[in-house]
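Remarks on the structure that follows.
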Amino acid sequence: MNKINLSDISTDAPEGMDKRVIKAVTKEIVEELDELQNLLYASHNHSILIILQGMDASGKDGLIRKVLGNMNPQGVDVQSFKAPTEEEKDHDFLWRVHRFAPAKGMIQVFNRSHYEDILIQRVHKWIDDKTAEKRMKAINDFERLLSEHNNTTILKFYLHISEEEQKVRLKERLEDPRKMWKYNKNDSVEARLWKDYRKMYEEAIEHCNEIKWMIVPSDRNWYKEYVVAQTLRDTLRSLHMEYPKLKV
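Residues 31 to 278 (my numbering) are what the sequence shown spells out, left to right.
Listed below in C-alpha cells is the structure:
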C-alpha cells in the first residue's frame, strides 16, 4: 500500500447522505445479517474475524451493539483487549490474541486487537522501531495463517474520527450520566498524544495491509454503522453458503 496521510481522508459522512434514509437502510441490513449469521453458523465452513481499531471515543462499543446486537449470541463472540496481564506478558505478543481466533461458523470481534502492540507500545516507547518491524511481519503472517488455513475472512476497520469530535465525545463522558461509566482518568493524557497515535496508525495501516484495511469515516455514528454493516453483509453473501442437507 502507498504511504497514507489520514489527515487527507475525511472523517465525515459524504455530502448528500440523508441520515434518515441511511438509518433505514442500515436497519434492513442488520435484519438480513441475522439470517446470514445463522447460515454461517449452520454451514460451519467459514469464520469471520472483525478487527475494530480507532482512537479513544471512536465508537467501537456502540458499533458492536448496533450492528451485531441483533444476532444470535451463540454465533458471535466479542473480545476486548486491555493492558496485558502478567500471564500474557510471559508469552509472545500474539499468544493472547490467537486464543480467541474464531472457530468455523463463528463471527469473532476484536475490540482493539494485536495492533495495540504496535500502536500504544510505540507511542509510549515501550518497544523500539526494530521490534515494531518484527511484530508487523508477525502480524501479517498471523493474519495470513487464519485466512489461508481456517477459511477465516478478516475484516479490518479503522474508525476514523477527527480530533475535534474526539474532544466532544470525551467531554460527554464527564457530563452525560449514561456515558460516565466510560470515563478513564487517562483519557485526557492519551488525547494529548493524538499526533503520535495518528502517525503510528498510518504506519500500521501501511505495513500491515496484506489483508486490506477499511478506513471508515466515523464522526457520524449512523454512517459508520452503515458502512460496517454493509461490508459485513456483502462479505457474508459472497461466501455463497448453503444450509446442510438432511442426512438420512
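Note that the Cβ used here is the ideal one computed from N, Cα and C, for glycine as well.
Quick caveat: nothing in here was measured; it's all calculated off a predicted structure.
Exclusion of the five residues before and after Arg228 leaves Leu36 as the residues of its chain whose Cβ lies within less than 7 Å of its Cβ.
The bridge partners DSSP lists for Ser110 are Asn141. Per DSSP, reduced to three states, the secondary structure at Ser40 is coil, with no helix or strand assignment. Ile148 is not a Cβ neighbour of Ile80, given a cutoff of 8 Å. Apart from sequence neighbours up to five positions away, the residues of its chain that approach Asp107 with a beta-carbon distance below 8 Å are Phe130, Pro132, Met136, Ile137, Gln138, Val139, ordered along the chain. If you look at Trp243, you'll find it in the beta strand (DSSP E) that goes 243-247.
Selection Glu240, Lys215, Asp42 evaluated against Leu175 yields Glu240 as nearest (Cα-Cα). Residue state for Thr183 is assigned as strand, using DSSP reduced to three classes. Under the rule that a run must span 4 or more residues, the alpha helix (DSSP H) segments found entirely inside the segment 198-258 read 217-221, 224-237. For Gly84, the uninterrupted beta strand (DSSP E) segment begins and ends at 77-84. Here Tyr213 really is in contact with Arg203; their C-beta atoms are around 4 Å apart, less than 8 Å. Cβ-Cβ distances below 6 Å link Leu63 to Arg263 in the same chain, with the five nearest sequence neighbours on each side left out; the list follows chain order. Counting only runs that start and end inside the segment 49-73, there is no beta strand (DSSP E) element of at least 3 residues. Inter-segment contact for the segment 251-260 and the segment 45-57 is present: three or more beta-carbon pairs are separated by less than 8 Å.
Between the alpha carbons of Glu118 and Arg126 lies a distance of about 6 Å. With at least 16 other beta carbons inside 10 angstroms of its own, Asp86 counts as buried. Taking the CA atoms as reference points, Lys186 sits about 18 Å from Ile150. Three or more Cβ pairs drawn from the segment 269-278 and the segment 65-85 lie within less than 8 Å of each other, which places the two stretches in contact.
The beta carbon of Thr115 sits closer than 6 Å to no other beta carbon from its chain once the five residues preceding and following it are set aside. Here Gln196 is not near Ser143, since their CB atoms are 8 Å or more apart. Annotated as proximal: Met244 and Thr261, with beta-carbon spacing under 8 Å. Non-local beta-carbon contacts of Ile184 in its own chain, meaning distances under 7 Å to residues more than five positions away in sequence, involve Leu79, Ile81, Glu173, Leu176, Ser177, Ile241 in chain order. In the DSSP assignment, Tyr188 is bridged to Gln83, Ile245.
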